[in-house]
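Novice:
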């Protein structure tokens, strides 16, 4: 972790900036030191000390690839299973693995694109299309009747926000306002709602 420390004079002007890199904090509970790690898995989600979602996204795509490939011979390549049924299986078995805990992710465009590329590759496989067919992603989504993975994640974030917003204050409701959440979920390029 890194943090920036500043010293201010009486007038409030910054005198000196100092960068503190890799601040090591020793945590001791009941006279026993707790091990510090760069990342760990909690409830199936990868938590890292740099607060970035890159490692989590890579893990999610790897797990979703495993789930998708395990159904390749059983479902995706079977001609007697309808495309509609295959898409339902994708939404039930692979998509939840891919976007598990995505309600809390703060993604960049590059990270969103990585998730979208995997999702579109799955739909292309189900429809029997490949990149050489030169069919756009929007045409594939229209053909399959599926929403984009970005819309699915946005809907999930809004559903989660609704649950948090309806919580009683005594339960330990996170300090998150509608205004700040809408701004975060839509990205900084849009105006506040």
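Numbering (our numbering), first residue to last: 304 to 496. Even for Gly, the Cβ is constructed at its ideal location relative to N, Cα and C. Quick caveat: nothing in here was measured; it's all calculated off a predicted structure.
#1: Looking at C-alpha atoms only, which residue of 445, 332, 464, 347 is the closest neighbour of residue 427?
#2: Please classify residue 348: does DSSP put it in a helix, a strand, or coil?
#3: Measuring CB to CB, does residue 389 end up less than 9 Å from residue 429?
#4: Three or more beta-carbon pairs under 8 Å between the stretch 395 to 411 and the stretch 348 to 356, yes or no?
#5: For the 8 Å Cβ check, are there 3 or more pairs between the stretch 374 to 388 and the stretch 416 to 424?
#6: Using DSSP with H/G/I as helix, E/B as strand and the rest coil, what is residue 441?
#7: Identify which residue in 401, 329, 341, 448 has its Cα closest to the Cα of residue 422.
#8: In chain order, what residues of the same chain have a beta carbon less than 6 Å from the beta carbon of residue 367, not counting five sequence neighbours either side?
#9: Could you give the distance in angstroms between the alpha-carbon of residue 431 and the alpha-carbon of residue 329?
#10: Could you name the residues of the same chain whose beta carbon sits closer than 7 Å to that of residue 341, not counting the 5 residues immediately before and after it, in chain order?
#11: Alpha carbon to alpha carbon, what distance is there between residue 453 and residue 463?
#12: Relative to the alpha-carbon of residue 450, which residue among 393, 327, 403, 466 has its alpha-carbon at the smallest distance?
#13: Keeping to the same chain, check which residues put their C-beta closer than 8 Å to that of residue 327; ignore five residues upstream and five downstream.
Specialist: To lay it out plainly:
#1: Ranked by Cα distance from residue 427, the options 445, 332, 464, 347 are led by 445.
#2: In the three-state reduction of the DSSP assignment, residue 348 falls in the strand class.
#3: Closer than 9 Å, so yes.
#4: Counting Cβ pairs under 8 Å, three or more are found: they touch.
#5: Contact check between the stretch 374 to 388 and the stretch 416 to 424: fewer than three CB pairs, one atom from each, fall below 8 Å, which does not count as touching.
#6: Looking at residue 441 - three-state DSSP - the assignment turns out to be helix.
#7: Out of 401, 329, 341, 448, 401 has the C-alpha closest to the C-alpha of residue 422.
#8: Excluding sequence neighbours, residue 367 sits near 397, 400, 401.
#9: Each residue's Cα considered, the two are about 54 Å apart.
#10: The answer, listed in chain order, is 351, 352.
#11: Straight-line measurement puts the Cα of residue 453 at about 15 Å from the Cα of residue 463.
#12: Measuring from the Cα of residue 450, the nearest candidate turns out to be 393.
#13: Excluding sequence neighbours, residue 327 sits near 339.
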